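Heads up: the structure comes next, in structure tokens.
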Amino acid sequence: MSRFWKPGSEKPRLIDDEEGGVIFYSATPSSGYGSSSIEKQRQRLPVFKYRTAILYLVETHSTTIIVGETGSGKTTQIPQYLKEAGWAEGGRVIACTQPRRLSVQAVAARVAEEMGVKLGDEVGYTIRFEDLTNPGVTKIKFLTDGVLLREMMEDPLLTKYSVIMVDEAHERSLSTDILLGLLKKIQCRRPELRLIISSATIEAKSMSAFFRTSKKREEKAADELGPTKEPAILSVEGKGFNIQIHYLEEPASDYLQTAVSTVLAIHDQEPFGDILVFLTGQDDIDAAVQLLTEEAHTRKYAGLLVLPLYAGLSRADQISDIENLVVAPISKASARQRAGRAGRVRPGKCYRLYTEEYFTKEMAVQGIPEMQRSNLVSCVIQLKALGIDNILGFDWPAPPAPEAMVRALEVLYLLGILDDDAKLTSPVGFQVAEIPLEPMISKMILSGYLLGCSEEIITVAAILSIQSIWVSVRGSQKELDEAKLHFAAAEGDHVTYLNVYKGFLQSGRSSQWCHKNFINYQAMKKVIETREQLIKTTKRLGMGLKSCERDTQVFRKAVTAGFFTNACRLEGGTYKTIRSSQEVHIHPSSVLFRVNPKWVIYHSLVSTDRHYMRNVMAIEPSWLTEAAPNFYQHQRSNPVAF
DNA sequence: CGGGGGGCC
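According to full-length UniProt numbering, the first sequence holds residues 1 to 642 in order.
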């Protein structure tokens, strides 16, 4: 392999940082590149002066950890540096993963523009439903980490990639963590593969420790030619400006009110600019917008424009199958990340609505990685599909609780997806792994095919995989509830969804129809799209489409086959789960709210002050024993879990 | 008997 820091030029200077990581530092920035305005812009990015150092590190190290602040340009520039240095020659591809689709598209478009190529040719991207790459032509490929995981099922060693850059690894999303674990394994088999992990300062050391192979291996590797296994850490400064941090002197009793008065004070006393407020949820956001708008009106503030922004809210922590939505303090790491938003384009200020003492003494250093607070059913099946048998011994960047693992294995066993040796069953297990949905939904689809209602089951699978098909209304809840009654079925939410879908098709997929019926048109378009993808996938698995027409019983049996572990029984006015006798309630958004059939199954549990079942369906208890004889003993008409 | 978030295949 050719060396590509400029031949004949001075080798970059190496310095040791006090933390024991290796930081390379290029004394003389590379130069001699094009002089177009785009080139000049590229050279002004902070990452540019590290170009030589980055290329040197990637050449000589299996793994390079780049610690970079936002605004350094690392995401758009590093893939281009790698390409310029020859890493995409000989048909090889440079990959760069992102946790979110939107950033994949945005970054790919930007890089294509900088390189003056058509998006989809030399620079392309792949996200779900959209593959803008051209095999043999595409040299730099942006993709979500979820897509890269899927690609592994076809090509477990990811042989076409020469360098894989995992961006935003510090976000510790479920799929990023699975990916990191698997990439570490791939490295043993493909020593020529290079990894670049982009991470926040706080995570760099643990990331480096994770990718450091054992001493023995290191000694062995020293005899061979090739990159060193010891990860390099390079710190790239951002374009960030100075940010002043302010704390409260006394804790706030009402953080919403405190947020509102802080905004008004800033508006009053500070020069012209923007104010960004972080709140916990839609309710608080709406309340704050209303309070601020009113205040601005009574105080006759002309220049105060209040806008709600619902994305990017904080995540709550938990470890169980229940989605927990209780408000909890953020970590220091996310407090810092939020403060950073104030210094992107000029110096800024950050007002923290808690005391400094609380920040230093009470707040956790960082949030719990998703891996350690999630249901691991999907994660386990993904590893199984890649032939990783020893799940409990898998080397994770953040090992999940063994109990959570065992629970996931147990559910997969009950579903008939894993056998007694915890291997994927054939064909069910392999088919479930192939379908890109949560395993219980996939199992439901397989049963729908066997029972002759795949049309209906796939529709509902698509609907359940999106947030909600109803428009989110604040203030007009009553109208929404009334609109729902048009579609409501006594069998529950799943059959209600079938009615909505039918109505949508009969309207000719009309957006006006959706509007009239309080249905989210964009959501329905997504449903159609997901449905088509699922039909393609199931066809590939040899399953045809068949409708059960009006036989909702067959349809509900198929749903039960996937969700029998979520069965509940009404006992003295409240529901108890069959599995653990936990008290649960039907969510008020369900059409079965206040209907309370004796036996129900739910799709998910959400926890606030109580445990609420979302998407609920009435069942006959005998279906449970039918669907899972191993799980339910038949005792007259009262199945009991053993 | 009343409703709290985000992301991905």
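Glycine included, C-beta positions come from ideal geometry on N, C-alpha and C.
Keep in mind it's a predicted model, so treat the numbers as computed, not measured.
With a contact defined as Cβ atoms closer than 8 Å, Ala333 and Ala200 qualify at about 7 Å. Runs of the alpha helix (DSSP H) lying entirely within the region 390–478, each at least 4 residues long, are 402–414, 428–434, 439–451 and 454–464 in chain order. A straight line joining the alpha-carbon of Gly73 with that of Gly226 spans about 29 Å. Annotation for His585: the continuous beta strand (DSSP E) segment containing it runs Glu583 to Ile586.
Rounded to whole angstroms, the separation of the alpha carbons of Val559 and Arg110 is 44 Å.
When the Cα atoms are used, Val500 and Leu182 turn out to be separated by approximately 41 Å. Using a 10 angstroms sphere on the CB of His486, the tally of other CB atoms stays under 16, which defines it as exposed. At a Cβ-Cβ threshold of 9 Å, Ala627 and Lys576 do not count as neighbours. Going by beta carbons, Ser472 and Gln282 fall inside the 9 Å limit.
Contiguous alpha helix (DSSP H) elements confined to the region 470–530 occur at 477–485, 493–506 and 511–516, taking only those with 4 or more residues. In the DSSP assignment, Glu362 is bridged to no other residue.
Residues Ile458, Thr459 and Ala462 of the same chain have their beta carbon placed closer than 7 Å to that of Arg531, with the five preceding and five following residues left out of the count. Distance from Arg569 to Glu370 at the Cβ level is roughly 32 Å; contact not present, criterion being Cβ atoms closer than 8 Å. Distance from Gly71 to Gly240 at the Cβ level is roughly 6 Å; contact confirmed, criterion being Cβ atoms closer than 8 Å.
For Ala88, DSSP records no beta bridge to any residue. Taking all protein chains in view, the Cβ of Pro629 is surrounded by fewer than 16 other Cβ atoms within 10 Å, so the residue is classified as exposed. Rounded to whole angstroms, the separation of the alpha carbons of Thr425 and Leu414 is 12 Å. Ranked by how close their Cα comes to the Cα of Gly86, the residues Lys300, Gln257, Glu357 and Ile140 have Ile140 in first place. With a contact defined as Cβ atoms closer than 8 Å, Ser607 and Arg614 miss out at about 11 Å. Listed as beta-bridge partners of His267 by DSSP are no residues whatsoever. In the three-state reduction of the DSSP assignment, Lys40 falls in the helix class.
Rounded to the nearest angstrom, the Cβ distance from Val236 to Val93 is 24 Å, too far for a contact under 8 Å. When C-beta atoms of the region 338–347 are compared with those of the region 247–260, fewer than three pairs fall below 8 Å, so the two segments do not count as touching.
Annotation for Thr52: the continuous alpha helix (DSSP H) segment containing it runs Arg51 to Thr60. Per the Cβ contact rule, the region 443–452 is not in contact with the region 591–605 (fewer than 3 Cβ pairs under 8 Å). Contact between the region 114–127 and the region 138–152 is present, with at least three C-beta pairs closer than 8 Å. Less than 9 Å divides the Cβ of Leu180 from the Cβ of Val166.
Rounded to whole angstroms, the separation of the alpha carbons of Tyr56 and Ile285 is 47 Å.
Scanning the region 123–167 for uninterrupted beta strand (DSSP E) segments of 3 residues or longer gives 123–127, 130–132, 140–144 and 161–166, listed from N- to C-terminal end. DSSP lists Leu248 as the beta-bridge partner residues of Thr355.
For Cys548, the three-state secondary structure derived from DSSP is coil. Looking at the DSSP output, Glu571 sits in a beta bridge with Thr574.
Bridge partners of Trp599 according to DSSP: Arg569.
If you draw a straight line from the Cα of Gly573 to the Cα of Phe359, it comes to about 44 Å. By a beta-carbon distance limit of 8 Å, Ser454 does not contact Met524. Their separation comes to about 20 Å.
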